[in-house]
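See below for the structure under consideration.
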Amino acid sequence: MNAFDSQNRVICYLGLGSNLGNRSRYLTKAIKILENNSNIWIQKKSSVIETKPYGYTNQPDFLNCVIEISTTLPAEELLHFCLQTENSLGRKRKEKWGARTIDIEKKKREMGRANNRHRYSVLRKGSYQFAKSYRSSRRFTESRICSPFAAGNF
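In the numbering used here, the protein residues as written are 2 to 155.
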């Protein structure tokens, strides 16, 4: 990483969830894919917790975690990379709030340099939206972003 990269990074919080198959393995694989992107640096990982599904509740429980990343990717490119990651791990978008192998949602994007944590944005692209308002109040998101990060359970 050069000095330009470190000065132009932004901090983002990504919520990851899985409720199909080997849930912990899908979380681990998604994090590895993110780590392998040369424009994304994982700063912190929360602990993993199990949560009930939202919306359509007749499905398996989720395993969820939040990661803090710094990135030089513009918001739209980060969204595209997250969607590619979901697709590579078998994500199928059949029904709203349906079961999924992996879900990656951007919870916050902090504008400006990585050390400036005062302004936030939401990105929408077509039918996809990071930081979905109906999920922003979910227990795993609030507790993981607002509390200190524990060592990742991966």
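We put the CB at the ideal spot given by N, CA and C, even for glycine.
Compare the C-alpha of residue i against each of the options and name the closest.
{"i": "N38", "options": "L28, F82 and G16", "result": "F82"}
{"i": "N9", "options": "A76, L80 and S89", "result": "A76"}
{"i": "E1", "options": "G56, L80 and T58", "result": "With the chain covering only 2 through 155, there is no way to say anything about residue 1."}
{"i": "C66", "options": "E36, S48 and N23", "result": "S48"}
{"i": "G16", "options": "I41, K46 and N40", "result": "K46"}
Which of helix, strand or coil does DSSP assign to residue i?
{"i": "K46", "result": "strand"}
{"i": "N116", "result": "Only weak support is given to the placement of N116: the predicted model assigns it a pLDDT of 44, under 50, and the value that follows is read from those uncertain coordinates. Three-state result, N116: coil."}
{"i": "T73", "result": "coil"}
{"i": "E78", "result": "helix"}
{"i": "K30", "result": "helix"}
{"i": "T86", "result": "helix"}
{"i": "E36", "result": "helix"}
Measure how close the beta-carbons of residue i and residue j come, nearest whole angstrom, since I'm counting them as under 8 Å.
{"i": "I43", "j": "I32", "result": "7 Å"}
{"i": "I70", "j": "C13", "result": "5 Å"}
{"i": "E60", "j": "G99", "result": "Checking the sequence shown, residue 60 turns out to be Gln, not Glu. That belief holds up - the Cβ atoms of Q60 and G99 are roughly 7 Å apart, short of 8 Å."}
{"i": "Y55", "j": "E96", "result": "The pair is not a contact, with the Cβ atoms about 13 Å apart (cut-off 8 Å)."}
{"i": "D62", "j": "T52", "result": "6 Å"}
Are the beta-carbon atoms of residue i and residue j separated by less than 9 Å?
{"i": "N20", "j": "L74", "result": "no"}
{"i": "E87", "j": "I68", "result": "no"}
{"i": "Y27", "j": "L90", "result": "yes"}
{"i": "R101", "j": "K93", "result": "yes"}
Residue i: beta carbon under 8 Å from a heavy atom of the ligand ZN?
{"i": "A100", "result": "In terms of ligand content, the structure shown is empty, and the ligand ZN therefore cannot be addressed."}
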